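Working notes, structure below.
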Amino acid sequence: MDLLTTLGRQFHAAQELARMRATRNPNDLIETEATVGERIADHVARFGGSWTFIISFGVLMLIYTGINILMQTKAWDPYPFILLNLFLSMLAAIQAPVIMMSQNRQDTKDRLRGELDFDVNRRAASDIQGCPAN
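My numbering numbers the first residue of the sequence shown as 1498 and each following residue consecutively.
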């Protein structure tokens, strides 16, 4: 009788553990495991892909080029805008790897969500069939 009681408790604990693992919120899991660098990469990618960034960057480019064109011979960066090209290259060199880091992180999030969805679906199918979940 004691053996059956112990086995029943272990079986109940295992089912509870499986239930808790299957009902985890992937967003909470991802955010608790995120490093500072990953959070920064997400924010940079979010801002870099926003209309706010695109419009403000376009306005700054127009202002920069407009000032240099109006200053003509006294401009610090005359028409071919070599200094502007340098700044744009440096921005692209920094922003591209950060965006790639954010995309890798998004891929990890999607994979975790898929695994958790699979666990939930497997449990639901086994409950429907009346079989214990693996």
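A virtual CB, placed ideally from N, CA and C, is assigned to each residue, including glycine. Computed from a predicted model, the values in this text were never measured in an experiment.
Can you give me the start and stop residues for the alpha helix (DSSP H) that residue i sits inside?
| i | result |
| --- | --- |
| glutamine 1592 | 1579-1626 |
| glycine 1534 | 1533-1545 |
Can you tell me which of the three DSSP states residue i falls into?
| i | result |
| --- | --- |
| glycine 1555 | helix |
| aspartate 1574 | coil |
| asparagine 1565 | helix |
| asparagine 1524 | helix |
What's the gap between the Cα of residue i and the Cα of residue j?
| i | j | result |
| --- | --- | --- |
| glycine 1563 | tryptophan 1573 | 12 Å |
| leucine 1588 | glycine 1546 | 14 Å |
| glycine 1534 | methionine 1498 | 55 Å |
| glutamate 1513 | lysine 1606 | 24 Å |
| isoleucine 1579 | valine 1541 | 26 Å |
| asparagine 1582 | glutamine 1603 | 31 Å |
| aspartate 1616 | alanine 1622 | 10 Å |
| arginine 1506 | asparagine 1524 | 31 Å |
| valine 1595 | glutamate 1528 | 18 Å |
| threonine 1570 | valine 1556 | 23 Å |
| glycine 1509 | arginine 1536 | Residue 1509 is actually histidine in this sequence, not glycine. Each residue's alpha carbon lies about 38 Å from the other. |
| asparagine 1618 | alanine 1590 | 43 Å |
| leucine 1559 | glutamine 1600 | 30 Å |
| methionine 1597 | proline 1577 | 30 Å |
| glutamate 1612 | phenylalanine 1544 | 29 Å |
| leucine 1609 | alanine 1511 | 21 Å |
Any idea if residue i is buried or exposed, counting beta-carbon neighbours within 10 angstroms, 16 or more meaning buried?
| i | result |
| --- | --- |
| serine 1553 | exposed |
| alanine 1593 | exposed |
| arginine 1620 | buried |
| serine 1586 | exposed |
| alanine 1538 | buried |
Using a Cβ-Cβ distance cut-off of 8 Å, determine whether residue i contacts chain D.
| i | result |
| --- | --- |
| asparagine 1565 | Protein chains in the displayed structure number just one, and chain D is not present. |
Is any heavy atom of the ligand PLP found at a distance shorter than 7 Å from the C-beta of residue i?
| i | result |
| --- | --- |
| proline 1594 | Ligands displayed in this structure: none; no statement on the ligand PLP is therefore possible. |
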